[in-house]
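**Student:** For the sequence shown, counting from 1, position 315 maps to 335 in this note's numbering; every step adds exactly one. For every residue, glycine included, the Cβ atom is placed at its ideal position computed from N, Cα and C. On a predicted model such as this, the values are computed, not experimentally measured, just so you know.
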Amino acid sequence: MRPEILNPLFAETRSLEGVGPKLAKPLERLGLARVKDVAYHLPERFVSRRAIADLDEGAEGEQVVVALTPTEHRAARSQRGPYRVLAQDAAGNICAITYFGRASYAAKKLLPVGERRWVAGRLDRYGDMLQIVHPDHVEGGGEGDGGDGGGAHLGRLNEPVYRLSEGLTQPRVAALVDQALARLPDLPEWIEPGQLERAGWPAWREALRLAHRNGDAAARDRLAYDELLANSLALLLVKADSRRRKGQALVGDGRLRAKLSLPFEMTGAQKRSIAEIEGDMAQEAPMLRLLQGDVGAGKTVVALAAMLIAVEAGRQAALLAPTEILARQHHETLRRMAASTGVEVALLTGRAKGREREGLLMGLLDGSIDIVVGTHSLFQDSVAYRDLGLVVIDEQHRFGVAQRLALAAKGRRAPHTLAMTATPIPRSLTLANYGEMDVSRLDELPPGRQAIDTRVVAQERMEDVVAGVARHLAGGQQAYWVCPMVRENDSDDIAAAEARFAALRERFGDAVVMVHGQLAPEIKDANMHRFASGAAKLLVATTVIEVGVDVPAATLMVIEQAERFGLAQLHQLRGRVGRGSEKSVCLLLRGNELSETGKKRLALMRETQDGFRIAEEDLELRGGGELLGTRQSGEAAFHLADLDQVQRLLPAAHADARLLIDRDGGLTSARGEAARILLYLFERDWGVQLLRGG
Ligand code: ADP
Ligand code: MG
21 MRPEILNPLF AETRSLEGVG PKLAKPLERL GLARVKDVAY HLPERFVSRR AIADLDEGAE
81 GEQVVVALTP TEHRAARSQR GPYRVLAQDA AGNICAITYF GRASYAAKKL LPVGERRWVA
141 GRLDRYGDML QIVHPDHVEG GGEGDGGDGG GAHLGRLNEP VYRLSEGLTQ PRVAALVDQA
201 LARLPDLPEW IEPGQLERAG WPAWREALRL AHRNGDAAAR DRLAYDELLA NSLALLLVKA
261 DSRRRKGQAL VGDGRLRAKL SLPFEMTGAQ KRSIAEIEGD MAQEAPMLRL LQGDVGAGKT
321 VVALAAMLIA VEAGRQAALL APTEILARQH HETLRRMAAS TGVEVALLTG RAKGREREGL
381 LMGLLDGSID IVVGTHSLFQ DSVAYRDLGL VVIDEQHRFG VAQRLALAAK GRRAPHTLAM
441 TATPIPRSLT LANYGEMDVS RLDELPPGRQ AIDTRVVAQE RMEDVVAGVA RHLAGGQQAY
501 WVCPMVREND SDDIAAAEAR FAALRERFGD AVVMVHGQLA PEIKDANMHR FASGAAKLLV
561 ATTVIEVGVD VPAATLMVIE QAERFGLAQL HQLRGRVGRG SEKSVCLLLR GNELSETGKK
621 RLALMRETQD GFRIAEEDLE LRGGGELLGT RQSGEAAFHL ADLDQVQRLL PAAHADARLL
681 IDRDGGLTSA RGEAARILLY LFERDWGVQL LRGG
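Now the structure itself:
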């Protein structure tokens, strides 16, 4: 049960004043469902801006507030085009106020022609005109005296700037944050007092207030530390729990593995990993092992070997995939590979209905199904296994540990767990992501892989790129075209991808198909299938193709706005090509305004194909400031702690967590109680749930 003291934080955001149905959608898009989410919606940055009487006073790139009178509205010429409002300052200088996407709908009302407004934002240049893109504030009033008057209060220091979504404004979010902060309870301290004092950190409530007021570094560190501590505590509780639980030693006699007839020799790394897994499974304590191997390293066959060991020992094995597409693909591959062993591989996804589903559930319950592949439907309440001995989780980072535990709870006894990931995680971050799991690394690619010719091309050269794709397709080969999608189902990005699809379709006809997250699953599957079978030649996609998809005849990949992707993600995407015997090419299209770091990052992609090196150097290049928790990096570990904080603070947080668990494994002391509150606060309460069993 969640401690009562947290109730005000877990109240719905709707309970805040002034939040009606109209704000529901925008808040949902930002993930601000509860008061606590609002309190933790920390500013992205702070601005200090200067009030200027006319535009001549402002410097390019400066944050200003200036009185402007709109003279003309210029609607966007295309869906992605800018919506511009031309406006005049007191001296008659002209400036454009520019909006993109849905934000432009608001422009008409905000900036009526002929009425003076205070506009706050960054002064930029567009061609030979000044412009302000997506101003932070537009306010009326204060007629009269140039620079002061109604807008003067906007020319202030350290104003927080929050991440927004359409339908929200800065003042609106700031007001909600104020309300949320006013409701913060006074929570007991969970950080070890010595640590708190050494670091000079404020108490929790004060830290949140400071982080919003001025972004105080100590306050932000403390909040990040809280998150890291919660994470370490939860992972250590899992580890302790799995040590306590009885598993079952599984020893295979090798009869099924002997019947495997593979078209290749296993690499040394594969053999080593299988031996490590076999060793773990032969122990009574449940295995908790991570198989880390770059894209194409050959994890699937290792998983199959592990599953066959379970079947040889008379138990069942389940493989959990993150998406429907991947589950189907794994099912195909495994069925093909396992054919010579006589072991059937079943598929269970959310789409199995009626009789088919009943048959599958029966088979799992009576044990006639030995190996099953599926999505999260594998561990819905209605699914029961006769004797589940091994759970393999593909692309582990897509699932929370909580889900893994739910699946593990299915076995009569705790099953062995093998998690697989293609995300090359720097050694310094393995701990944060995987706690204390044992790790097997596939650090050797199967022989004969061809290097992928990677080039960085300016986005402006679109026509050349399309011509290149045309030549490629004319040569009988297939290609991927990847459009960026930084936040899941971002409507602007979807619109851009759709627009690109339409343009390519005009050029290449129905040789082009598309998949993205907002398409109906049947359509997505059908399109994917058309591409995989070779009926379609060009696949336009957002990052749903990132993991696992295997179409060896696709030897060209174009990635638009490559600078918007995390390097780990680019690496994963690029791994979709270079799978066959033909030489493969990857074109990284880049925008014009690329930072120095941005250039270096793309250059690194050109230079190497070693996923571990890419991960390590990306970490160096980005340094602090980039969130680990974003979809961009493909990781879902943290919302607050950035890379720099993880590196600086994690060792202490982990040591602190371990000490606490060693002394008070049941979390019953005063500090233990505080730690429980922390676990609930960061929704790592599955850690606490485990305590009940112990
Ligand atoms: P991963 O899941 O690690 O990205 P896969 O298991 O999909 O990689 O393997 C990629 C490709 O390499 C598959 O076509 C697979 O059959 C092949 N493969 C796996 N192991 C070997 C090996 N030892 N030698 C040659 N090819 C291999
Ligand atoms: Mg794979």
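Taking 8 Å as the cut-off, does the CB of L462 come closer than this to any heavy atom belonging to ligand 1?
**Tutor:** It does: the Cβ of L462 is within 8 Å (strictly closer) of some heavy atom of ligand 1.
**Student:** Quick one: residues in its chain with C-beta nearer than 8 Å to the C-beta of M482, no 5 flanking neighbours on either side, listed in chain order?
**Tutor:** Cβ within range, chain order: L609.
**Student:** Note the first and the last residue of the continuous beta strand (DSSP E) segment covering D664.
**Tutor:** Segment 663-683 is the alpha helix (DSSP H) holding D664; no beta strand (DSSP E) there.
**Student:** Here's the rule I'm using: 16 or more other beta-carbon atoms within 10 Å means buried, otherwise exposed. How should K720 be labelled?
**Tutor:** Limits of the chain in this structure are 21 at one end and 714 at the other, which puts residue 720 out of reach.
**Student:** I'd like to know if the region 224-232 and the region 662-677 are in contact, where contact means that at least 3 CB-CB pairs between them fall below 8 Å.
**Tutor:** Verdict: no, contact absent.
**Student:** In the structure shown, what three-state DSSP assignment does Q629 receive?
**Tutor:** Q629 falls in the coil class under three-state DSSP.
**Student:** Roughly how many angstroms lie between the CA atoms of L465 and F284, to the nearest whole one?
**Tutor:** Distance between the alpha carbons of L465 and F284: 13 Å.
**Student:** Relative to ligand 2, is the shortest distance from any of its heavy atoms to the C-beta of D705 smaller than 8 Å?
**Tutor:** Checking the Cβ of D705 against ligand 2 gives no.
**Student:** With 16 other CB atoms within 10 Å as the buried threshold, where does R65 fall?
**Tutor:** Counting Cβ neighbours within 10 Å, R65 comes out exposed, since fewer than 16 surround it.
**Student:** How would you call T33, buried or exposed, if buried means at least 16 neighbouring beta carbons within 10 angstroms?
**Tutor:** Buried, because 16 or more other Cβ atoms sit within 10 Å of the Cβ of T33.
**Student:** Is G313 helix, strand or coil by DSSP?
**Tutor:** If DSSP states are grouped into helix, strand and coil, G313 belongs with the strands.
**Student:** Go ahead and pull the three-state DSSP assignment for T688.
**Tutor:** T688 falls in the coil class under three-state DSSP.
**Student:** Is the beta carbon of L207 less than 9 Å from the beta carbon of I681?
**Tutor:** Not in contact: L207 and I681 (Cβ atoms no closer than 9 Å).
**Student:** Quick check on the DSSP output: what are the complete alpha helix (DSSP H) runs of length 4 or more inside the region 210-277, in order along the chain?
**Tutor:** Runs found: 213-219, 224-233, 237-264.
**Student:** Please name the residue, chosen from I514, A333, R475, that lies closest to A561 on a Cα-to-Cα basis.
**Tutor:** Per the Cα distances, I514.
**Student:** Taking only heavy atoms of ligand 1 into account, decide whether any of them is closer than 8 Å to the Cβ of G598.
**Tutor:** Result no, Cβ not under 8 Å from ligand 1.
**Student:** Given that a residue counts as buried once 16 or more other Cβ atoms are within 10 Å of its Cβ, and exposed if not, what is M382?
**Tutor:** It is exposed - the Cβ of M382 has fewer than 16 other Cβ atoms within 10 Å.
**Student:** Taking only runs that begin and end inside the region 123-197, name each unbroken beta strand (DSSP E) of 3 or more residues, in chain order.
**Tutor:** Complete beta strand (DSSP E) runs here, min 3: 137-146, 149-153, 157-159, 179-181.
**Student:** Which partner residues does T89 have in the DSSP bridge list?
**Tutor:** Q108.
**Student:** Starting from F66, follow its DSSP beta bridges and name the residues at the other end.
**Tutor:** Partner(s): P180.
**Student:** Return the chain-ordered list of same chain residues with a C-beta closer than 7 Å to the C-beta of G611, the five sequence neighbours on each side being excluded.
**Tutor:** Once the five neighbours on either side are set aside, the close Cβ partners of G611 are Q479, Q581, E583.
**Student:** Please report the Cβ distance between L230 and A239, rounded to the nearest whole angstrom; I am assuming they are in contact, meaning their Cβ atoms lie under 8 Å.
**Tutor:** Right, their Cβ atoms sit about 4 Å apart.
**Student:** Determine contact between the region 67-86 and the region 137-146, defined as no fewer than three beta-carbon pairs at a distance below 8 Å.
**Tutor:** Counting Cβ pairs under 8 Å, three or more are found: they touch.
**Student:** Can you tell me the Cα-Cα spacing of Y182 and L29, whole angstroms?
**Tutor:** Those two C-alpha atoms are separated by around 20 Å.
**Student:** Tell me whether T562 counts as near ligand 2, meaning its Cβ is closer than 8 Å to at least one heavy atom of that ligand.
**Tutor:** The answer is no for T562.
**Student:** Taking Cβ to Cβ, would you say A442 is nearer than 9 Å to Q592?
**Tutor:** Taking 9 Å as the Cβ cut-off, A442 and Q592 qualify as a contacting pair.
**Student:** Quick one: what's Q592 bridged to in DSSP?
**Tutor:** Paired residue(s): none; Q592 is not in a bridge.
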